[in-house]
Each structure stands twice: as structure tokens, then as C-alpha cells.
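Engineer: Line order of the protein sequences matches chains A and H. Sequential numbering of the first sequence, starting at 31, is according to the numbering used here. Sequential numbering of the second sequence, starting at 24, is according to the numbering used here. Dumping the structure here so I can ask a few things about it.
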Amino acid sequence: MKQILRLRINNQNYEVYAPIHKTLLEILREDLNLTGTKHGCELGECGTCTVLIDGEPVLSCLILPVAVQGRAITTIEGMADGIMPHPLQTAFAELGAAQCGYCTPGMLLTSKALLDQNPQPTRDEIKHALAGNLCRCTGYTKIYEAVEQASKT
Amino acid sequence: MKSFELHDAGTVQEAVALLNKFGPSAKIVAGGSDLVTGVMKDWVHGKGMPIPEKLIDVTAIPEMIGITIAANGGATIGAATTLTSITESKDLDQKWAVLTQSAASVASPLIRNFGTLGGNINQRPRCWFLRGEHFDCYKKGGDFCFAVTGDNRYHAIIGGELCYIVHPSDVATSLLALNASANIAGPSGTRAVAFDSYFTGPREDVLRENVLKHDELMVNVTIPALAPNTKTAWSKLKDRQVYDFALVSVAVVVTQENGAWRDGRIVLGGVAPVPYRAKVIEQALVGKNIKDTIKAAASTLKTVARPMSLNAYKVDLAINLIERTVLNAL
């Protein structure tokens, strides 16, 4: 069964004619070429496919796109302001908070949602917020430090 | 993922009518985190567990969303309320901390942001044979339990018969401790079922885990006010610190009188096919000083536990976690 999906992604409207059983992750990557969102475990365990729905981080591998029509979807492509990186992106780059980089889009979006709600989080609050985003390189310390640095800018 | 039809229900009556019309091939979907990752995947099925052909989305039904504190001091929580809304509710946390803590221990923040109360309570078990492609087990309509001879380190230590799954829901465990009830809508109206009799074991019907029929929908959950001098506590042990399903979880609700156990409930998750109320321990505590008695009382779990070949460690985990959680509640 195919249907027309109307999605609002990074403040832009998209219409996609796609099978209803494709996940939001698959629609983003395969139909809209927004490949910044990464495909990880596809089981809701790793967090690398994180996107924001109305500012809240969720897992695009588990979301049916029909369920999020009309809501504000933010992917990593929508994080920078034109050519100006988001302060979190700058901090991640400056501190080397990415090793292989595969978890980075998810880490950045979850961190953005945290800072939008809680601009001065403690280390503990950062850890809790990022609990669902796994870094297989285990570079968590730099990630926490980068979120802290961004919260001060 | 296999394709399906998606139907939006605007009201409870509409959802029930759709369930009734489509029959067992239709399933309710809310957050969908288990349905999309697990049940809809092409490899998790059998003749007793068909892949749903139609999904009925209930996340736009207003009466199924939100938290209401009633005049009598109880609470009603819509089944499509997200777990994040529950963990962030100050009203719930002040009165029923065991519920908010158990909700906060479910999965990760990313899943709690769209996973719902009803979805968590009614999710299918995690048994790796059930979730594996090549195991046509009892629960899928087959004629074997692979946990009996296979790797059963995460399986039931109490109440396993035929099938040795453990109930996966953290909030179900705390809701049973709180003596909560489910309100269920069906074709002939609504009924309230206390969680005491909501969950069903494999002997009753191996193909399901609760009394919800295929044409019924959990609308909301009602929690009664706690008696005076009642405290609660929650603990969950898991293989990974960050998030996982419970090896053992414990929900305690205790009403005290001068340091003695007057009334209360101790409910275990991760040990049995249903959230397991440890009545044997509660009875050993009644009227006794809790601090003096808890160690001996907790160890009476051994009298009801029947561990399998690789999971006897869970009996010790449970006994220690019960002792710790009861003491934390005081």
C-alpha cells in the first residue's frame, strides 16, 4: 500500500509517494536523500537514527512517517544555520567529540534538544539525556565536554 | 517490514468498531516501538502469532492521553500517554513515586518520548526464541519451548509452565504493586479489570499475556490513593547500566505501623510470565518489624522459585533486591 506523505522537515515541506510500511529513517535516506540520519541497529537500541519531532528526540527507525505528518521534523541537515554551524557542532569539532562519527548526528540532535530545554545542564543531566545514544568508539567524555562547552557559548 | 493498512481512530468507539470489523488481523498501535521493531518484522511470526495486516492508530484519541488526578485522591492515566509525560509528572511523582521511577527505567529517553503506557503494559515478551526466526515455539503456535533445553539465562524462575517467558513491562510491575486497574473498551461496553487479574500465564493461554481480547482496547489506567503511612520504592537490575530489560525488578508499596508491616505489596518483574506478586514474602512480614524480619522474609522466595538450568542466579538477585528495595521504601 502506497500513499502520499506530507512531511515538514527542517522547515521545508516535502511530498513523498511511498509504501506505508517504510520507516521514517528509510524515507529520509532513500526517498529524500537526507542521508545525514544514520542507519544503525534498526531495533531502537543504538540511537544513531535520532531525529527531533517537535523538538523532542525520537528514533526514526521505529517511527512510521504517517504518524508524524504535519509535525516539525528536524534532521542533522537542519541543525546548522546556513553555513554557520550550530554551537554544538562547533564544540564537537573543536574538542574532537567524534571518532568514527557514526553516532554524531544522533548525539548532536539529542544534545540540541537537551540544551533547548535546559541551557545549563549538569554533567549528570547530560549523561541522562544521552543515555539512548550509543558511541561504539566509547568516546563519551569528549562528547560530554563538548555539550558543556556549547552550553557556555 | 511487511506492508499493512493504517487506520486512524478519532474516538475509542471508532477504534473498537475497527477492531471488531477487521478481526484478529488488526492490532492497536500507539508509539509503535515494539510493533515496528519486533512484531511487524517478517521473521517474528507463526500460526499463533500472525503478522498484523491492519494497524489502528490511537494516538489521536483525546480521552486516551493525559494524566488526571481525581477528587478522591486517585489518578487516571490515558493508555496513549507517553512514558516521558509520566516520568515528568510532579503530581504522579509526589504520590506514586514507584510508578514514575519504573517508567523512568524503561528503555532510553528516545523511546520514552514516544512509547506509551498502554504499549508498555501490553508489549510482547522479549524471549530470544520467541523473537528469533527459526524457533516455532508454543507462543507462536508451535509445540516446543526452546528455553527448556536452550540458553535460558533470562527466563522465568517462577511460574513457568509450557512457556518460560518473563513479563517485560516495568510499569506493569509497579501498577500491580499500586493495586491499579485497567479500563478496557470492547464491543459490549467498558469493563474495569484490576491488574491483580489482568495478566495471564501460559497455562491459561500460551498465545497471550493478558485478558485483553482481540476486539478490546485498553483506554486508561486508574490508580487508587495510597493509605496513610504508605511508602513506595522501585529497583531494577539489568545487565547493562544504561538501559535494558530487567533481569529482576522490584516494586514495593508498604503501609507501616510503628516500624511493622501492616499492609503492602511486593511485586517482581523479570522473574515470571506475569508481574509476580510475592505473597509468600508479604505474609512473612505481616505484623512484624520490617527491618528485623526482611532478610528472612525475602529468602522465602526460595520456596516458590523453580529456576531453570542457567538462571538460578536470578533467585539470589531477586532475594537481595527485595531486601534492598523494601529497606529503601522505609
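Glycine included, C-beta positions come from ideal geometry on N, C-alpha and C.
(1) If you pair each beta-carbon of the stretch 146-165 of chain H with each one of the stretch 202-209 of chain H, do three or more pairs fall below 8 Å?
(2) As a quick exercise: from H:78, H:139, H:235, pick the residue whose alpha carbon is nearest that of residue 108 of chain H.
(3) Taking the Cβ atom as the reference point for each residue, do residue 34 of chain H and residue 84 of chain H lie within a distance shorter than 8 Å?
(4) Under 7 Å Cβ-Cβ, which residues of chain H neighbour residue 159 of chain A?
(5) Name the residues in the stretch 57-68 of chain A whose C-beta lies less than 8 Å from a C-beta of chain H; which are they?
(6) What do you reckon, are the CB atoms on residue 81 of chain H and residue 103 of chain H nearer than 8 Å?
(7) Check whether the stretch 133-152 of chain A and the stretch 36-48 of chain H are in contact - that is, three or more C-beta pairs closer than 8 Å.
(8) What are the complete alpha helix (DSSP H) segments, minimum 4 residues, inside the stretch 177-214 of chain H?
(9) What residues in its chain sit with their C-beta under 7 Å from that of residue 122 of chain A, if we drop five residues either side in the sequence?
(10) Rounding to the nearest angstrom, what Cα-Cα distance links residue 96 of chain A and residue 102 of chain A in this structure?
(11) In chain order, which continuous runs of the beta strand (DSSP E) of length 3 or greater are located wholly inside the stretch 215-267 of chain H?
(12) Which chain H residues are close to residue 95 of chain A, counting only those with a beta carbon under 7 Å from its beta carbon?
(13) Which residues mark the beginning and the end of the alpha helix (DSSP H) in which residue 123 of chain H is found?
(14) According to DSSP, is residue 342 of chain H helix, strand or coil?
(15) Terminal residues of the continuous beta strand (DSSP E) containing residue 87 of chain A?
(16) Three or more beta-carbon pairs under 8 Å between the stretch 333-340 of chain H and the stretch 301-310 of chain H, yes or no?
(17) State the start and end residues of the unbroken beta strand (DSSP E) segment that holds residue 90 of chain H.
(18) Within 8 Å, do at least three Cβ pairs link the stretch 208-221 of chain H to the stretch 110-120 of chain H?
(19) Exposed or buried, what is residue 130 of chain A when buried is set at 16 or more other beta-carbons lying within 10 Å of its beta-carbon?
(20) Just tell me which of A:35, A:50, A:34, A:117 has its CA closest to the CA of residue 27 of chain H.
(21) With 16 other CB atoms within 10 Å as the buried threshold, where does residue 155 of chain H fall?
(22) Please determine, among H:131, H:106, H:247, the residue with the shortest C-alpha to C-alpha distance to residue 142 of chain H.
(23) Return the chain-ordered list of same chain residues with a C-beta closer than 6 Å to the C-beta of residue 287 of chain H, the five sequence neighbours on each side being excluded.
(24) Among the residues of its own chain, which have a CB less than 7 Å from the CB of residue 136 of chain H, if the five just before and after it don't count?
Structural biologist: Result, derived from the coordinates:
(1) Three or more Cβ pairs closer than 8 Å define a contact, and the stretch 146-165 of chain H falls short of that threshold against the stretch 202-209 of chain H.
(2) Minimum Cα distance to residue 108 of chain H is reached at H:139.
(3) The Cβ atoms of residue 34 of chain H and residue 84 of chain H lie closer than 8 Å to each other.
(4) The contact set of residue 159 of chain A on chain H, defined by CB atoms closer than 7 Å, consists of 132 in chain order.
(5) Listed by position along the chain: nothing, the set is empty.
(6) Going by C-beta atoms, residue 81 of chain H is nearer than 8 Å to residue 103 of chain H.
(7) Because the criterion of three Cβ pairs below 8 Å is not met, the stretch 133-152 of chain A and the stretch 36-48 of chain H do not touch.
(8) Counting only runs of 4 or more, we get 193-200.
(9) Answer for residue 122 of chain A: 128, 134, 138, 176, listed in chain order.
(10) Straight through space, the alpha carbons of residue 102 of chain A and residue 96 of chain A are spaced by roughly 13 Å.
(11) Listed in chain order, the beta strand (DSSP E) elements of length 3 or more contained wholly in the stretch 215-267 of chain H are 240-246, 253-260.
(12) Within chain H, no residue comes near residue 95 of chain A; the closest Cβ sits about 10 Å away, beyond 7 Å.
(13) Segment 120-127, the alpha helix (DSSP H) holding residue 123 of chain H.
(14) Helix.
(15) Per DSSP, the unbroken beta strand (DSSP E) holding residue 87 of chain A starts and ends at 86-89.
(16) Counting Cβ pairs under 8 Å, fewer than three are found: no touch.
(17) Where residue 90 of chain H is concerned, the enclosing beta strand (DSSP E) stretches over 90-92.
(18) In this structure the stretch 110-120 of chain H does not lie against the stretch 208-221 of chain H, because fewer than three pairs of beta carbons, one per stretch, are closer than 8 Å.
(19) Label assigned to residue 130 of chain A: exposed.
(20) The shortest C-alpha separation from residue 27 of chain H is found at A:50.
(21) Here residue 155 of chain H is exposed: its Cβ has fewer than 16 other Cβ atoms, across all protein chains shown, within 10 Å.
(22) Selected option, being the one with the closest Cα: H:106.
(23) Correct list, in chain order: 276, 277, 278.
(24) Excluding residues within five positions, the ones whose Cβ falls inside 7 Å are 105, 107.
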